[in-house]
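Novice: Numbering that gives the first Met the number 0 puts the first residue of the sequence shown at 0, with every later residue one more than the last. Backbone N, C-alpha and C fix where the C-beta goes; we use that ideal spot for every residue, glycine too. Keep in mind the model is a prediction, meaning the values are calculated, not measured.
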Amino acid sequence: MSMSATNEEVRVLIVEDDADVRDTLAMLLESDGYLVQGASSGEAAIGLLDHFSPDCVLLDLGLPGIRGSEVARQLRQRVGTQLVIIAVTGSSAAADRDEAEIAGIDFLLTKPVGGSDLRRFLPPID
């Protein structure tokens with residue numbers, strides 16, 4: 000899924016443990032022209048930062064192992080505030096919203112997320 004990016008490409012990292020969801024999102028975004036890399040865990044996402052510099056991260060809050068909110072905190076520490084972090088959750092609980100805000104997540108979407116909903120929050124492609 001990954002290749003070298005030019006300055007015009009927008010890089011998106013999808014962090015989702017469900018391979019079908021991850022692959023579907025990747026196909027959708029790639030068809031729109033985004034450069035996509037997928038990770039099945041928070042640990043894998045953090046490790047990818049050594050060779051993939053995302054402009055945006057789509058992050059499942061309910062990851063096994065390191066929770067999505069902790070991944071967001073680590074991404075913020077390593078990449079900074081210019082990174083757009085979009086968290087996706089299966090719950091609409093207030094606790095998830097609070098957790099997302101504390102972790103520095105820019106947008107919180109509730110599953111299932113449609114393509115048009117997602118596109119509203121993604122950085123535009125030049």
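(1) Mind checking which residues open and close the beta strand (DSSP E) that includes ALA71?
(2) Just confirm the distance between the C-beta atoms of ALA25 and VAL35, as a whole number of angstroms; I'd bet it's less than 8 Å.
(3) Is the distance from the Cβ of ASP105 to the Cβ of ILE84 below 8 Å?
(4) Counting along the chain, where does the beta strand (DSSP E) carrying GLY114 start and finish?
(5) Can you give the Cα-Cα distance for GLY103 and VAL56, rounded to whole angstroms?
(6) Count the other CB atoms within 10 Å of the CB of SER68; is the residue buried (16 or more) or exposed (fewer)?
(7) What is the DSSP secondary structure of VAL20, counted as helix, strand or coil?
(8) By Cβ distance below 7 Å, which residues in the same chain neighbour ASP59 in space, the five residues on each side in sequence not counted?
(9) Quick one: Cα of GLN76 to Cα of GLY37, how far?
(10) Is it buried or exposed, GLY41, if we count other Cβ atoms within 10 angstroms and call 16 or more buried?
(11) Starting from the C-beta of PRO122, find all residues in its chain whose C-beta is less than 8 Å away, skip the five residues before and the five after it, and write them out in chain order.
(12) ARG119 to GLY113, Cα distance in whole Å?
(13) Could you tell me the boundaries of the alpha helix (DSSP H) in which ILE101 lies?
Specialist: The structure says:
(1) For the purposes of this step, residue 71 is taken as the residue at position 72 of the sequence shown. No beta strand (DSSP E) holds ALA71; the alpha helix (DSSP H) holding it covers 67 to 78.
(2) By 1-based counting over the sequence shown, the position of residue 25 is 26. By 1-based counting over the sequence shown, the position of residue 35 is 36. Sure, about 5 Å apart at Cβ, within 8 Å.
(3) For the purposes of this step, residue 105 is taken as the residue at position 106 of the sequence shown. For the purposes of this step, residue 84 is taken as the residue at position 85 of the sequence shown. Between ASP105 and ILE84, the C-beta gap is smaller than 8 Å, which places the two residues in contact.
(4) By one-based count along the sequence shown, residue 114 stands at place 115. Note, GLY114: premise wrong, no beta strand (DSSP E); alpha helix (DSSP H) at 114 to 118.
(5) Position 104 of the sequence shown, counted from the start, is the residue given in the question as residue 103. Position 57 of the sequence shown, counted from the start, is the residue given in the question as residue 56. Here the alpha carbons of VAL56 and GLY103 stand approximately 12 Å from one another.
(6) In the sequence shown, counting from the first residue as 1, residue 68 sits at position 69. By the 16-neighbour rule on beta-carbons within 10 angstroms, SER68 is buried.
(7) Counted from its first residue, the sequence shown places residue 20 at position 21. Note: VAL20 maps to helix in three-state DSSP.
(8) For this step, residue 59 is matched to residue 60 along the sequence shown. Only residues of its own chain outside the window of five on either side were considered, and among them VAL14, GLU15, ASP16, GLY67 and VAL87 have a CB closer than 7 Å to the CB of ASP59, listed in chain order.
(9) Residue mapping note: residue 76 aligns to position 77 of the sequence shown, counting from 1. Residue mapping note: residue 37 aligns to position 38 of the sequence shown, counting from 1. GLN76 and GLY37 have their C-alpha atoms spaced approximately 20 Å apart.
(10) Looking up residue 41 in the sequence shown gives position 42. So GLY41 ends up on the buried side.
(11) Position 123 of the sequence shown holds residue 122. Excluding positions up to five away in sequence, the list reads VAL9, ASP54, CYS55 and VAL83.
(12) Counting from one through the sequence shown, the residue named residue 119 turns up at place 120. Counting from one through the sequence shown, the residue named residue 113 turns up at place 114. Answer to the nearest angstrom: the Cα atoms are 10 Å apart.
(13) What you label residue 101 is simply residue 102 of the sequence shown in a count that begins at 1. For ILE101, the enclosing alpha helix (DSSP H) covers residues 93 to 102.
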